[in-house]
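For the sequence shown, full-length UniProt numbering assigns the number 1 to the initial residue and increments by one for each residue that follows. Heads up, the beta-carbon is just placed ideally off N, CA and C, and yes, glycines get one too. Read the structure below first, then the notes.
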Amino acid sequence: MPFLPVGGQAVIEGVMMRSPSRVAVAVRRPDGSLAFLERPFTSLTRRVRALGVPVVRGAVSLFETLYLGVTALNFSADEATRDEVAAGRRATPGERLLQGATVAFSLALGVVLFVVLPARATEWLGFHGRVGFGLVDGLFRLLAFLLYLMLISQWKEMARVLGYHGAEHKAIHALEHRAPLTPDSVQTFSRFHPRCGTSFLFLVVVVSVVVFTLIGKPRGLGDHLLRVACMPLIAGVAFEFIRLSGKHYEKPLVRLLTWPGIQFQRLTTREPDLEMCAVAIAALERVRGDEALVALERAGDHAPREVVFVQ
Numbered sequence: 001m002p003f004l005p006v007g008g009q010a011v012i013e014g015v016m017m018r019s020p021s022r023v024a025v026a027v028r029r030p031d032g033s034l035a036f037l038e039r040p041f042t043s044l045t046r047r048v049r050a051l052g053v054p055v056v057r058g059a060v061s062l063f064e065t066l067y068l069g070v071t072a073l074n075f076s077a078d079e080a081t082r083d084e085v086a087a088g089r090r091a092t093p094g095e096r097l098l099q100g101a102t103v104a105f106s107l108a109l110g111v112v113l114f115v116v117l118p119a120r121a122t123e124w125l126g127f128h129g130r131v132g133f134g135l136v137d138g139l140f141r142l143l144a145f146l147l148y149l150m151l152i153s154q155w156k157e158m159a160r161v162l163g164y165h166g167a168e169h170k171a172i173h174a175l176e177h178r179a180p181l182t183p184d185s186v187q188t189f190s191r192f193h194p195r196c197g198t199s200f201l202f203l204v205v206v207v208s209v210v211v212f213t214l215i216g217k218p219r220g221l222g223d224h225l226l227r228v229a230c231m232p233l234i235a236g237v238a239f240e241f242i243r244l245s246g247k248h249y250e251k252p253l254v255r256l257l258t259w260p261g262i263q264f265q266r267l268t269t270r271e272p273d274l275e276m277c278a279v280a281i282a283a284l285e286r287v288r289g290d291e292a293l294v295a296l297e298r299a300g301d302h303a304p305r306e307v308v309f310v311q
């Protein structure tokens, strides 16, 4: 079935959904009611032509996803623990600054864990040749990624978030297959999705092995900074593959190439219950009225390439 320009993210007791011009977050409050955050949001890749070219659009989408994700997580953290009296207040300037600092810290931590430490460990083991260093460095990076996902999957506090992640995937599958958006219907679909952010991150690791091998062994701060500077390019290449895999997922070769990323989703998703599916549907319905999305649903067409989102 044609895929549609909808992406999402699991948050605390809820789901964020995104269409070409809207973002919506649905969160289950302690009293059982749903809280919603809705905003118009059009990607820079659609507003600035130069940012919509292949590879560049992937790097831009990565930073936009980080920004929207942190905003959604902060909203969900508030609503999942807040009573009705305190709900709905706007974030203060200090809270918005904290959101930005959280994104910056997350990026810095990712650079240290997946760029700097693998290179230092490879150097410590005595690998110096371009190819040998690149392969061992990449192996350490892949192991770090796997360990990171395993820790998340075993973290008890994350169990429900992983369930909502599965619900998000199922709801988007149902929409793409033009199935009824009811909890029972959504529950029948797979919790794995070829455009999942987990698959995207796995591809980033794989592409980085090739790029960093070409760059060679880092010999100083400048070389490490060069590796960091290459990360948007690497993310852009991974994004293009995710886009193509979503469009051509029925082809055997594409299924084979995306299989490893799908397997990693076994660590980052759980089978959701019907209430989780209901929350995912509620968020999806809030963005389903997007004019571009409605037109594509009626026509049965594929999404334009420049508005494909990573889940």
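CB-CB length for residue i against residue j, believed under 8 Å
{"i": "ALA280", "j": "GLU168", "result": "5 Å"}
{"i": "GLN154", "j": "LEU274", "result": "Incorrect: roughly 25 Å between the Cβ atoms, too far for contact."}
{"i": "THR122", "j": "PHE145", "result": "The pair is not a contact, with the Cβ atoms about 15 Å apart (cut-off 8 Å)."}
{"i": "GLY134", "j": "ARG270", "result": "Going by Cβ atoms, the distance from GLY134 to ARG270 rounds to 35 Å, so no, they are not a contact pair."}
{"i": "VAL27", "j": "PHE63", "result": "24 Å between Cβ atoms; not a contact."}
Simplified DSSP state of residue i, which is helix, strand or coil
{"i": "ALA80", "result": "coil"}
{"i": "ILE12", "result": "coil"}
{"i": "GLU157", "result": "helix"}
{"i": "ARG22", "result": "strand"}
{"i": "VAL70", "result": "helix"}
{"i": "GLY138", "result": "helix"}
{"i": "ILE7", "result": "Correcting the residue identity first, residue 7 is Gly in this sequence and not Ile. GLY7: strand per DSSP, three-state reduction."}
{"i": "GLY166", "result": "helix"}
{"i": "MET17", "result": "strand"}
{"i": "VAL27", "result": "strand"}
{"i": "SER36", "result": "It should be noted that the sequence gives Phe, not Ser, for residue 36. Strand, per DSSP."}
{"i": "ARG288", "result": "coil"}
{"i": "GLY222", "result": "helix"}
{"i": "THR42", "result": "coil"}
{"i": "SER190", "result": "coil"}
{"i": "GLY132", "result": "helix"}
{"i": "GLU240", "result": "helix"}
{"i": "PHE63", "result": "helix"}
{"i": "ASP273", "result": "coil"}
{"i": "VAL111", "result": "helix"}
{"i": "VAL279", "result": "helix"}
{"i": "PHE228", "result": "Per the sequence shown, residue 228 should be read as Val rather than Phe. DSSP places VAL228 in helix when its eight states are reduced to three."}
{"i": "HIS173", "result": "helix"}
{"i": "VAL55", "result": "coil"}
Continuous alpha helix (DSSP H) stretch holding residue i: start and end
{"i": "ALA179", "result": "Element bounds for ALA179: n/a, residue is neither H nor E."}
{"i": "ARG266", "result": "252–268"}
{"i": "GLY197", "result": "197–215"}
{"i": "LEU51", "result": "No alpha helix (DSSP H) contains LEU51, which DSSP labels as neither H nor E."}
{"i": "LEU117", "result": "117–124"}
Proximity winner among the options, relative to residue i (alpha-carbon distances)
{"i": "LEU34", "options": "ARG130, ALA24, GLN265", "result": "ALA24"}
{"i": "VAL209", "options": "ARG130, SER21, PRO20", "result": "ARG130"}
{"i": "ILE12", "options": "ARG29, LEU214, LEU44", "result": "ARG29"}
{"i": "LEU43", "options": "PRO54, GLN265, ARG22", "result": "It should be noted that the sequence gives Ser, not Leu, for residue 43. Of the listed residues, the one whose Cα sits closest to SER43 is ARG22."}
{"i": "SER199", "options": "ALA238, LEU135, THR188", "result": "ALA238"}
{"i": "LEU113", "options": "TRP155, VAL228, PRO180, ALA283", "result": "VAL228"}
{"i": "VAL15", "options": "TYR249, VAL211, ALA235, GLY163", "result": "GLY163"}
{"i": "ARG49", "options": "GLY138, VAL60, GLN263, PRO194", "result": "VAL60"}
{"i": "PHE241", "options": "VAL287, ALA26, ARG57, HIS224", "result": "ARG57"}
{"i": "PRO272", "options": "GLY126, PHE264, ARG191, ARG178", "result": "ARG191"}
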